[in-house]
Amino acid sequence: MLLITLKRTFLSGFQHFKRNGWLSFAVTSILSLTLLIISTLIVLSLAANLVIRNVQDKVDISVYFKSDTPESKILDFRSTVLQYKEVKSSEYVSKNQAFDDFKEKNADNPVILQSLDAIGDNPLNASVNIKAITPDKYDIIATAIQNSAFKDDIIRINYAKNKLVIERLNNILSMTRRVGITLAALFSLIAILITFNAVRITIYAHRQEIEIMRLVGASDRYIRLPFIFEGITYGAISAIFVMFLLFPLIRFAVPHITGAVSVKDVQSDFIHYFWLIFLVQLLVGVGLGIVSSLIAIRRYLKI
Amino acid sequence: MIEFRNVKKIYSAGINTIALDDVNFVIEKEEFVSLVGHSGAGKSTLLKLLYAEEKPTSGQIFFNGEDITQLTPKELPLHRRRIGTIFQDFKLLPRKTLFENVAFALEVSDHSDAEIQELVPQILEIVGLAHKMECYPREISGGEQQRVAIARALVHRPPLIIADEPTGNLDPISSWGIIQLLLKINKLGTTILLATHNKDIVNRVKRRVITLDQGKIIRDHSKGRYAI
Ligand SMILES: Nc1ncnc2c1ncn2[C@@H]1O[C@H](COP(=O)(O)OP(=O)(O)OP(=O)(O)O)[C@@H](O)[C@H]1O
Ligand SMILES: [Mg+2]
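Note that the protein sequences, when read in sequence, are chains A and B.
The number in the numbering used here is simply the position in the first sequence, starting from 1, with 233 added.
The number in the numbering used here is simply the position in the second sequence, starting from 1, with 7 added.
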């Protein structure tokens, strides 16, 4: 395709955009709204993933052993567990270490420290902390441990603590996704309808020009391309506009949504994904524009 | 250059209209041919077949030996670039200047900007409107508008000019001016096919006249007169 054809058809497509005035404004608004919904969906997913990642890091199974269990046996247990394919890591916490940790944690609580002194002996049990590769594996691991050869040495398996939190988060996330995707699809449809109508009106306004173009021997491509470029312009300008909108929005909205996670993390995640998000916007915006133009051209541009 | 062979055109919109019925003729290079006939005789239809706006129901149409009824959609624009078309209603774009209106025909056929800058003023000079290049169509007279339309049809130097009632809306003096312009272009080597009602013009031109009546050629004289 000749470069000059591209240049000329692009310029006249852009001119359509400029001359359509309020219509272009309406089209850009609805396209921007659609893109905003889609990018909010992306940003929310990113933020939620971050929260889940954070919480997940804190989740583990703690297996407590009876006081008289020899250390060698516990270490044996630790390496056995490590062989499970669901297990990411397992860490041995000895009686003494547990005691130190406990004292440190309660350093500013003299009552507890005093009562520890009163007991004189270390009342804590040795334990092994196990992390699974994914949170849904904890059930399997717990069951496996309960049925293992070590079951008689174990007093307690503690894991249900954080499980609920993660499940809830996952539920919220998948709900948000479902609602978001439905909304995005709905708005995409509306955006296509409006963009399609704008291009249809442009085609109608240029019917005389189109007729003359055909008479003087313009190729089909030359006649159609300006309307495609018009659609592309709507999409591209909307994408750029939304990126400008998204930055401050994230700055102000994210702290309210995520709470637990540091805002900096989300923002740096966003900056990290800036080009990716922009690319998605651009692709979606331009895609919607092209689809709308193609429908309008198919139905109203008789060559 | 042009040959119509047993060309028949039936429009079937609602009722069937036989617009052209077994039309046969040959036009050589550099001829100046007038096509005359009553309203509805099929003049415009014949021209439309030539620039492939319509397809004949049967028969063949040759342009430089090539059957243009068999053109693919890709070849069609290339065929049309070999023909300059002029209409009764000028078909100028109101929002473009005279320069832009003429340049339009070059833009769509991928001429460079440099070529456009050179050719457009040249052709506007030929039709005598170089000084009004930056005007809009509404700012000039009907006769001048028609000359711009001729400039647009000429600017890419097609070997054939088709004119469908180019003088229909003009007073006799402007009309004769347009015809003189066409005669001049013809002298420079461009074939001209002119469809018209205008009896005076046909009689003054004294060139070949093809007369159509109800879709049939009833007369074809080389130094013809308007006689129906
Ligand atoms: N698109 C069309 N659909 C159906 N019938 C048509 C169409 N175009 C022309 N006709 C019919 O074909 C016949 C020839 O029409 P055409 O336009 O060729 O006549 P013409 O000689 O150019 O007439 P005029 O001098 O009035 O311009 C007429 O009867 C007309 O009604
Ligand atoms: Mg006619």
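Positions of the beta carbon are idealized from the N, C-alpha and C atoms, including for glycine.
The structure presented is a predicted model; accordingly, all values stated were derived computationally and were not measured.
A straight line joining the alpha-carbon of B:I130 with that of B:K50 spans about 28 Å. Interface annotation, B:F111: in contact with chain A, CB-CB separation under 8 Å. In terms of side-chain proximity, the C-beta atom of B:Y233 is found no nearer than 7 Å to any non-hydrogen atom of ligand 1.
Only buried fits B:E151, as 16 or more other CB atoms lie within 10 angstroms of its CB. Closer than 7 Å to some heavy atom of ligand 1: that describes the Cβ of B:A26. Following the DSSP letters along the chain, one finds B:G91 inside the beta strand (DSSP E) bounded by residues 90-94.
Counting along the chain, A:S323 sits inside the beta strand (DSSP E) bounded by residues 320-326. For the region 192-214 of chain B, the beta-carbon criterion of a distance under 7 Å to any beta-carbon of chain A is satisfied by none of its residues. Between ligand 1 and B:S65, a heavy atom-to-CB distance of less than 7 Å is absent.
A:V314 places its beta carbon less than 8 Å from that of A:I363. With fewer than 16 neighbouring CB atoms inside 10 Å of its own CB, B:H228 falls in the exposed class. B:A170 has its Cβ no nearer than 7 Å to any heavy atom of ligand 1. One Cα belongs to B:T197, the other to B:I157, and the distance between them is close to 13 Å.
B:T92 reaches chain A at L448, counting residues in chain order whose Cβ is nearer than 7 Å.
For B:Y18, same chain residues with a beta-carbon under 7 Å away, outside a window of 5 residues either side, are T24, A26 in chain order. Taken through DSSP and simplified to helix, strand or coil, A:G520 comes out as helix.
Rounded to the nearest whole angstrom, the C-alpha separation of B:V40 and B:K213 is 10 Å. Nearest CB-CB separation between A:D453 and chain B: below the 8 Å threshold. Taking C-beta atoms as the reference points, B:A160 and B:I147 fail to come closer than 8 Å.
In this structure, B:K50 has its beta carbon less than 7 Å from a heavy atom of ligand 2.
In the structure shown, A:S295 adopts extended strand secondary structure according to DSSP, grouped into three states. Between A:Q514 and B:L100 the beta-carbon gap is near 36 Å, outside 8 Å, which marks them as no contact.
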